[in-house]
Amino acid sequence: MIWGRCTSGPFFYILQQIQRTVIITVGMCTYNSEKYLPEQLETIIHQTLRVNEIVVIDDASTDQTIDILNDYVKRYPDLFRIIRNEKNMGARKNFERALAESKGEIIFLSDHDDYWMPEKVAKVVAYFNSHPQDKVVFTNAMFMDENSASLPSTLWDVVGFTPAVRAYAQTKDDLLRYLLKHGRIVTGATLALRKESLGQILPFRLMHKIWHDAWIALVAANAKMLGYIEEPLIRYRVHSKQQVGYGYMEKIKGNNAVPVLQMKELKGETGDEELIQLIHVRRKRVRLVKRLSRFIQVDPVIKAEILQERKASEKAFSRAKSLPVRLLESFRKMFK
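Numbering (this note's numbering), first residue to last: 42 to 377.
Below you can see the structure in the form of structure tokens.
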């Protein structure tokens with residue numbers, strides 16, 4: 042369905058009805074954002090389904106960011122609320138405050154340097170209307186570079202959230218299981234939330250261990266209220282000055298190796314270094330689940346699975362390094 046491309050007919054009528062009944066907020070954080078901020082704001086302002094409020098938390102910018110924001114306030118005085126930090130607080134605290142300050146029934150998170158597809162808001166609101174059980178939703182994204190040139194692949198291609206994985210993660214339990222076992226597939230720039238979910242999501246916890254979007258996704262998945270839209274609804278900018286994105290993408294490259302190692306493990310083809318890598322990853326998962334369990338009640342079956350996977354990989358490594366196995370390997374090398 043293409044929203045906003047027509048000015049009459051049933052789709053336009055539905056769009057008008059949504060506009061009358063739903064208050065929509067965008068929560069954005071800025072820090073020295075002068076280069077890309079105007080483009081991002083224009084794509085938000087000119088959505089086919091208009092937003093009612095844009096809350097911007099500025100993290101003590103030292104460039105022209107505030108001047109740009111003040112100009113938008115003059116042009117759209119009923120749309121913008123600007124809150125400026127006296128000192129730098131970081132992305133986690135700023136997005137936490139942006140959510141707390143938002144008045145809308147549906148809240149979109151936004152980076153300062155991306156590009157929203159014109160129908161993003163309409164399609165997410167339509168998703169919420171047709172999936173009342175979901176309180177949080179994330180979407181796919183296209184990539185672009187610092188010059189706004191399109192890059193190959195989508196976000197889900199890079200993080201490994203493939204059609205096969207999505208087929209596996211069809212139930213809410215499976216989606217939580219996948220998030221806990223395979224790490225981040227959700228990025229904050231694609232997130233939208235119903236305001237009613239904030240009672241479970243705020244305040245952010247484990248802020249020195251995981252990013253705000255990972256916390257939101259894990260809490261929502263654990264409460265069986267996380268959904269997703271397969272269509273890319275933003276163009277996600279990747280550049281070296283990002284606080285999160287650039288390092289995140291570099292880290293993802295290493296995370297992508299894990300499913301490959303797991304497949305080799307099933308076939309009994311893992312070497313020592315690969316087993317060590319799996320043990321390291323699985324120990325981190327066990328620690329994450331233990332920390333999460335201080336704040337949310339994680340399904341005991343999933344907790345047991347993650348603990349068992351760690352024990353199995355440790356046992357496999359111990360067996361591979363045992364004296365009989367080492368002697369057998371030595372004999373094989375001698376008689377090659």
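Ideal Cβ positions, reconstructed from N, Cα and C, are used throughout, including at glycine.
Leaving aside the five residues before and after residue i along the sequence, list all residues of the same chain whose C-beta is less than 7 Å from its C-beta, in chain order.
i: D254; result: V227, T228, G229 and L232
i: V301; result: Note that V301 scores a pLDDT of 45, beneath 50, so its modelled location is shaky; the value from the coordinates is reported in the next line. Correct list: empty, nothing qualifies.
i: E237; result: K176
i: E350; result: R323
i: L243; result: E137, L140 and A141
i: M130; result: D100
i: N170; result: none
i: R246; result: W256 and F336
Output needed for residue i: all residues of its chain with C-beta closer than 6 Å, excluding positions within five of it in sequence on either side, in chain order.
i: Y72; result: D100 and S102
i: S151; result: V67 and M69
i: T84; result: Y156 and W157
i: N296; result: For N296, the predicted model reports a pLDDT of 47, less than 50, meaning its position is unreliable; a value from the coordinates is still stated below. Around N296: G224.
i: L120; result: I95
i: A205; result: none
i: E306; result: Unreliable positioning characterises E306 in this predicted model, as indicated by a pLDDT of 43, which lies under 50. The coordinate reading is nonetheless provided below. If we look at E306 and ignore the five residues flanking it on each side, it has no Cβ neighbours.
i: F202; result: I226
i: T212; result: none
i: S143; result: T66, G68 and V96
i: L217; result: A262 and N263
i: H36; result: This structure gives no information on residue 36, because the portion of the chain shown stretches from 42 to 377.
Given a cut-off of 8 Å, decide if residue j and residue i are closer than it, judged by their beta-carbon atoms.
i: I148; j: L234; result: yes
i: F179; j: Y277; result: no
i: L192; j: N181; result: no
i: H153; j: Q88; result: no
i: E75; j: Q105; result: yes
i: I347; j: K222; result: yes
i: R122; j: V96; result: yes
i: L333; j: V339; result: yes
i: A264; j: Q241; result: yes
i: I86; j: Y117; result: yes
Pick from the options: whose alpha carbon is nearest that of residue i?
i: M248; options: I343, E75, K134 and I64; result: K134
i: A353; options: Y209, M158, E127 and V327; result: V327
i: L110; options: A141, A139 and M69; result: M69
i: Y156; options: R323, V279, V330 and K331; result: V279
i: I124; options: G131, D112, A139 and G201; result: A139
i: P159; options: R323, P273, D119 and Q318; result: P273
i: G145; options: E355, T203, D186 and L239; result: L239
i: E271; options: H172, M130, R207 and V322; result: R207
i: D108; options: K331, G131, P79 and S189; result: P79
i: Q318; options: I257, E355 and L329; result: E355
i: W256; options: F184, K344 and L329; result: L329
i: K250; options: K331, H172 and N126; result: K331
i: M266; options: Y77, A190, Y168 and D112; result: Y168
i: Y77; options: N126, H172, W252 and S189; result: S189
Any idea if residue i is buried or exposed, counting beta-carbon neighbours within 10 angstroms, 16 or more meaning buried?
i: Q174; result: exposed
i: K32; result: Residue 32 cannot be examined here, being either before or after the span of the chain that is shown, 42 to 377.
i: K115; result: exposed
i: R335; result: exposed
i: A141; result: exposed
i: K128; result: exposed
i: A132; result: buried
i: A345; result: exposed
i: A163; result: buried
i: V199; result: buried
i: S194; result: exposed
i: D112; result: exposed
Excluding the 5 residues flanking residue i on each side, which residues of the same chain have their C-beta closer than 8 Å to its C-beta?
i: V166; result: I59, V63, I65, L90 and I147
i: D186; result: L192, R278, V279 and H280
i: Y209; result: D215 and Y219
i: N126; result: I98, D99, D100, A101 and N135
Throw me the rounded Cβ distance for the residue i and residue j pair, which I believe falls under 8 Å.
i: K161; j: I275; result: 6 Å
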